[in-house]
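Visitor: So that we are looking at the same thing, I have put the structure below in structure tokens.
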Amino acid sequence: MDATKRVACNREMFNPVSTMGMQVAFILVLSHCFQLVLKPLGQPGPIAQILSGFVLGPSGLSHISAVKKIFFQDLTGDYYETMALFSRIIIMFLIGLETDIPYLVRNLRPASILACGGCVTCTVFAAAITPFIYHQTGAHGPMLTMALTIAVIFSNAASPIVIRLAAELKFATTDFGRLVISSSLISDMYSVVLLVVSSESRAEKKFMHWVLFGCLAFLLVVAVIILNMYLANWLNRRNRNQKHLKNAEAFGILSVLVVTAMTIESMGFNSIVACFLIGSMFPKGGKTGRTLLPKLNYSVHNFIFPIYLGYMGFQADMTTINSLASLGVVAVVLLLSLGGKISGTLAACYYLRIPMNEGVLFALLMNVKGHVDLVSISVGLQSNVVTSTQFYGLMLATIVTNTLIVGPIIVYIVRRENESLGYRHVALEWQDPEIELRMLACVHNPRHVSTIVGLIAALRGSERGPITPYLMHLIELPDQKSKDNSLMYHQREDDELSDEDNYGGNEVVEINEAVDAFTAETGVVVHQVKAVSPFLNMHDDVCARAEETRASIILLHFHKHQRIDGKMEPGKEGIRTTNQKILRHSKCSVAILVDRGLTNSVAATRSGGGYNGSVSGSESLQHVATLFFGGPDDREALGFSRRLSMHHHINLTIIRFLAAADRDRNVGLNVAHNKEEEDVLMMSVCSSDRETESEADTAILTEFYNRYVTSGQVGYVEKYVETGAETASALRDMADMYSLFIVGKGGRGHSPLTTGMSDWEECPELGTVGDLLGSSDFDLSGSVLVIQQHRISSSDDDER
7 MDATKRVACN REMFNPVSTM GMQVAFILVL SHCFQLVLKP LGQPGPIAQI
57 LSGFVLGPSG LSHISAVKKI FFQDLTGDYY ETMALFSRII IMFLIGLETD
107 IPYLVRNLRP ASILACGGCV TCTVFAAAIT PFIYHQTGAH GPMLTMALTI
157 AVIFSNAASP IVIRLAAELK FATTDFGRLV ISSSLISDMY SVVLLVVSSE
207 SRAEKKFMHW VLFGCLAFLL VVAVIILNMY LANWLNRRNR NQKHLKNAEA
257 FGILSVLVVT AMTIESMGFN SIVACFLIGS MFPKGGKTGR TLLPKLNYSV
307 HNFIFPIYLG YMGFQADMTT INSLASLGVV AVVLLLSLGG KISGTLAACY
357 YLRIPMNEGV LFALLMNVKG HVDLVSISVG LQSNVVTSTQ FYGLMLATIV
407 TNTLIVGPII VYIVRRENES LGYRHVALEW QDPEIELRML ACVHNPRHVS
457 TIVGLIAALR GSERGPITPY LMHLIELPDQ KSKDNSLMYH QREDDELSDE
507 DNYGGNEVVE INEAVDAFTA ETGVVVHQVK AVSPFLNMHD DVCARAEETR
557 ASIILLHFHK HQRIDGKMEP GKEGIRTTNQ KILRHSKCSV AILVDRGLTN
607 SVAATRSGGG YNGSVSGSES LQHVATLFFG GPDDREALGF SRRLSMHHHI
657 NLTIIRFLAA ADRDRNVGLN VAHNKEEEDV LMMSVCSSDR ETESEADTAI
707 LTEFYNRYVT SGQVGYVEKY VETGAETASA LRDMADMYSL FIVGKGGRGH
757 SPLTTGMSDW EECPELGTVG DLLGSSDFDL SGSVLVIQQH RISSSDDDER
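Sequential numbering from 7 applies to the sequence shown in the numbering used here.
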């Protein structure tokens, strides 16, 4: 903050500003050059960016006197420090916007234990090593201040760099990655607390003075959070017919953030936590959130991060390590920082029963430096309480060296642990309905959104079964435009940098309005993404997004839609081709929805948007039937239905079709009468992979029956038929009884229950039963959801 004041009072601005601009330009160019070299070697962007500043700084090119004369003019460092301050403000606000707060709340205990394990151990190590460093660097002043500074350096986990590393190494969306990110944020908060205590001990302010300004800063943050809620709602209403906010409006929101942060800094407090809180409490839904996220993401990842991390490397001066004693200080700090994090984190992992290999990677990620510790060093240099320039120079060199060493080790371990950190699909058949469900729903036009969001609301189930939905708007890019290499829109679908974007037309506005209305009613935040590509390779975008988000299931719309007279009218053939390719290439389960007004029939249209009241918004009881013939796809449909059964406005019935010849044979369910019997039957379910398909079907149905049917939560019916004709007749008899039919695509082999039904098969991607139910000739009022379970192929194993 002192550097900012000096910059504001400076009358000769041109030379320092031009010098700083030249430094920024060199850092950006060097970081891109290093990234081109290091990316093929698997090194992430932050390592290249830190290395670019390191090479340009006093340890590299600026060690040459001619270069140093150009790059180190008076007040240039102050300008750069001011830029770093504004960079931290924007970065922490963006991290708050992107943080999954519900996940952090659900996993607060393990994240806190892991963070505190490393932080407490590092604080103890810092207290133990402080006297040695104090005497070796010839420092004068309070030893407590140095101890707190070293504790900040040891404890800090540099959450911005950890988040960037996790994103580039493609494990940010895994449970492991999200736990690491949550723990790094908590570690940063711990370090900020130590930094505040250290700053106040330097300033020697009275306790009551510190409490007063602390309360004012807290009230200011609360007031800004409330202001942002009203401001976001007002801007959403004001721009009802636009895709995004205007650039001036987005700038106004950021101006409020910057003014707030600078006010807190002027009070003597660090604004890192405040910016994070403001971002995390900012309304995620609506046009405001959709505008800020892509605009900030593009700016931060392409400009602010390279400059901020380059400045980190730029500050390191290895010439301060000019003796054996100084080298010993650096080595001891490096070893104790790494040892404190590893020992404390591994102890926490042992307590939480986290595997040792993940624990080591966790500890290394938590040992990344370069965020709060840089602020601590900067504050120390400005306050000059511990009068040892050598101490601060050695600490800066240690911080940069630590990250440059740890980064490549992290990359090596991530590659080695690719099997455990990579995309591993767990079928819904085996998933506990009370764990988080991640799903990717795809829509081509606003007509699809109403049913999709209604299904999302139904899958929400109870509060114990959280859901993370992604809505992907698929927009066809004509082939002649896709040949224009300068466009490449499908490669940057989230970079919404202009209000002039016309892809999707007014459909984007209608979809946004429908999603906003749904979020306002249910409180479920739907993450919206977009893919613009020709139908020829649109499936690649969908499959890649599903893998990136770790989706358990992809929801697709059938290429036909219902007309007013009830008949199914074919849509674009490209939609059908895309669905077929996704069914073949997806690494997770896929569901195709034949929409016959699943949500339109249950509630009236809401005002202000295209969202028709969903299952969650309707007070009427919805009757859903799951048709079970046998096979892996039907078992996946049963797993999907298990989540629907948890919704209080859904009456689910399982209808099992059996051969009439089996009526007198023992093919029924083994109903448990007590807890011991249920445990035995559960063990048989877990070993069903060694059984035949029929035994696996019976085992999974038995487990489902004992858990949900006996409690009255779900209905169960058995129907005995001999041929496909009798099956079709039975389906016609129940055509008007249910608003949604769920069935597996197939994979059950040649079954006498469906013999002859495939003779008039029109859409093989729906399977035999799904094609019959989705046919225009079949008089059915309910919608149909056809589910295909992903089977691991040899090619999948080779990729892993």
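Using N, Cα and C, we set each Cβ at its ideal position, and we do this for glycine too. Remember, it's a predicted structure, so these values are computed and weren't measured experimentally.
Hey, how far is the Cα of valine 790 from the Cα of alanine 643?
Guide: Going from the Cα of valine 790 to the Cα of alanine 643 covers about 12 Å.
Visitor: If you measure between the beta carbons of glutamine 839 and alanine 331, is that distance less than 7 Å?
Guide: Shown here, the chain extends from 7 to 806; a query on residue 839 therefore has no answer.
Visitor: Going by DSSP in three states, serine 745 sits in which element: helix, strand or coil?
Guide: Looking at serine 745 - three-state DSSP - the assignment turns out to be coil, as it is neither helix nor strand.
Visitor: Out of curiosity, what's the CA-to-CA distance linking serine 456 and leucine 658?
Guide: Each residue's alpha carbon lies about 21 Å from the other.
Visitor: Please return the same chain residues whose Cβ sits closer than 8 Å to the Cβ of threonine 222, not counting the five positions on each side in sequence.
Guide: One detail in the question is off: residue 222 reads as leucine in this sequence, not threonine. Cβ within range, chain order: Met273.
Visitor: What is the DSSP secondary structure of isoleucine 156, counted as helix, strand or coil?
Guide: DSSP places isoleucine 156 in helix when its eight states are reduced to three.
Visitor: What residue from Leu434, Val217 and Pro289 has the CA that sits closest to methionine 235's CA?
Guide: With distances taken between Cα atoms, methionine 235 lies closest to Pro289.
Visitor: If you run the structure through DSSP and keep just helix, strand and coil, what is alanine 163?
Guide: Coil at alanine 163, not helix or strand.
Visitor: Put lysine 45 into one of helix, strand or coil per three-state DSSP.
Guide: Helix at lysine 45.
Visitor: Whole angstroms are fine: how far does the CA of tyrosine 85 sit from the CA of methionine 26?
Guide: Each residue's Cα considered, the two are about 7 Å apart.
Visitor: For lysine 787, I'd like the list of residues in its chain whose CB is within less than 6 Å of its CB, leaving aside the five on either flank, ordered along the chain.
Guide: A quick correction: the sequence has serine, not lysine, at residue 787. Answer for serine 787: Asp742, listed in chain order.
Visitor: Could you pull the start and end residues of the alpha helix (DSSP H) that phenylalanine 309 belongs to?
Guide: No alpha helix (DSSP H) contains phenylalanine 309, which DSSP labels as neither H nor E.
Visitor: Using a Cβ-Cβ cutoff of less than 6 Å, which residues in the same chain neighbour leucine 477 once the five nearest sequence positions on both sides are dropped?
Guide: For leucine 477, where only same-chain residues beyond five positions count, the Cβ hits under 6 Å are Ala447, Val532 and Gln534.
Visitor: When the distance is taken between beta carbons, is leucine 342 closer than 7 Å to phenylalanine 138?
Guide: No, Cβ-Cβ distance for phenylalanine 138 and leucine 342 is not below 7 Å.
Visitor: Applying the 10 Å Cβ sphere with the 16-neighbour rule, what's the burial state of aspartate 379?
Guide: Its Cβ being crowded by 16 or more others within 10 Å, aspartate 379 is buried.
Visitor: Secondary structure at cysteine 125, three-state DSSP: helix, strand or coil?
Guide: Helix.
Visitor: How is glutamate 575 classed by DSSP in three states: helix, strand or coil?
Guide: Here glutamate 575 sits in strand by DSSP.
Visitor: By the DSSP assignment, the alpha helix (DSSP H) with glutamine 396 in it spans what residues?
Guide: Its alpha helix (DSSP H) spans residues 395-422.
Visitor: Is the stretch 355-365 close to the stretch 293-305, with three or more CB pairs under 8 Å?
Guide: Contact fails: fewer than three Cβ-Cβ distances are below 8 Å.
Visitor: What does the alpha-carbon distance come out to for the pair glutamate 732 and isoleucine 706?
Guide: If you take the alpha carbons of glutamate 732 and isoleucine 706, they lie about 25 Å apart.
Visitor: Any beta carbon from chain B within less than 7 Å of leucine 298's own beta carbon?
Guide: Of the protein chains in this structure there is only one, and it is not chain B.
Visitor: State the start and end residues of the unbroken beta strand (DSSP E) segment that holds arginine 444.
Guide: Here the beta strand (DSSP E) through arginine 444 covers 443-449.
Visitor: Provide the residue span of the beta strand (DSSP E) that contains isoleucine 660, from first to last.
Guide: Here the beta strand (DSSP E) through isoleucine 660 covers 656-665.
Visitor: Got a sec? Which residues, its chain only, sit under 6 Å from cysteine 122 by beta carbon, not counting five neighbours each side?
Guide: If we look at cysteine 122 and ignore the five residues flanking it on each side, it has no Cβ neighbours.
Visitor: Are the CB atoms of methionine 318 and isoleucine 56 within a distance shorter than 7 Å?
Guide: It is a contact, given that the beta carbons lie within the stated cut-off.
Visitor: Please identify the residue among Ala597, Pro46, Thr555 and Glu87 whose C-alpha is closest to the C-alpha of valine 30.
Guide: Valine 30 has its Cα closest to that of Glu87, out of Ala597, Pro46, Thr555 and Glu87.
Visitor: To the nearest angstrom, how far is it from the Cα of valine 230 to the Cα of aspartate 739?
Guide: Cα-Cα distance, rounded: 60 Å.
Visitor: The alpha helix (DSSP H) spanning glutamine 55 covers which residue range?
Guide: 51-62 is the extent of the alpha helix (DSSP H) around glutamine 55.
Visitor: By how many angstroms is the C-alpha of isoleucine 588 removed from the C-alpha of alanine 550?
Guide: The alpha-carbon atoms of alanine 550 and isoleucine 588 are separated by roughly 11 Å.
Visitor: Does DSSP put phenylalanine 634 in a helix, a strand or coil?
Guide: Strand, per DSSP.
Visitor: Measuring only the C-alpha atoms, how far is glycine 258 from valine 265?
Guide: Distance between the alpha carbons of glycine 258 and valine 265 is about 11 Å.
Visitor: Can you list, in chain order, the residues of its chain whose CB lies under 8 Å from that of aspartate 323, leaving out five sequence neighbours each side?
Guide: Taken in chain order, the residues that qualify are Gly63, Pro64, Ser65, Gly399, Leu402 and Ala403.
Visitor: For the stretch 177-191 against the stretch 110-129, are there 3 or more C-beta pairs whose distance is under 8 Å?
Guide: Yes, since at least three Cβ pairs between the stretch 177-191 and the stretch 110-129 fall closer than 8 Å, the two stretches touch.
Visitor: How many angstroms separate the CA atom of cysteine 39 from the CA atom of methionine 28?
Guide: One C-alpha to the other measures close to 16 Å.
Visitor: Where do the ends of the beta strand (DSSP E) carrying isoleucine 598 lie?
Guide: Residues 595-600.
Visitor: If we ignore side chains and look at the alpha-carbon of each, how far apart do proline 475 and arginine 444 end up?
Guide: Approximately 6 Å between the Cα atoms of the pair.
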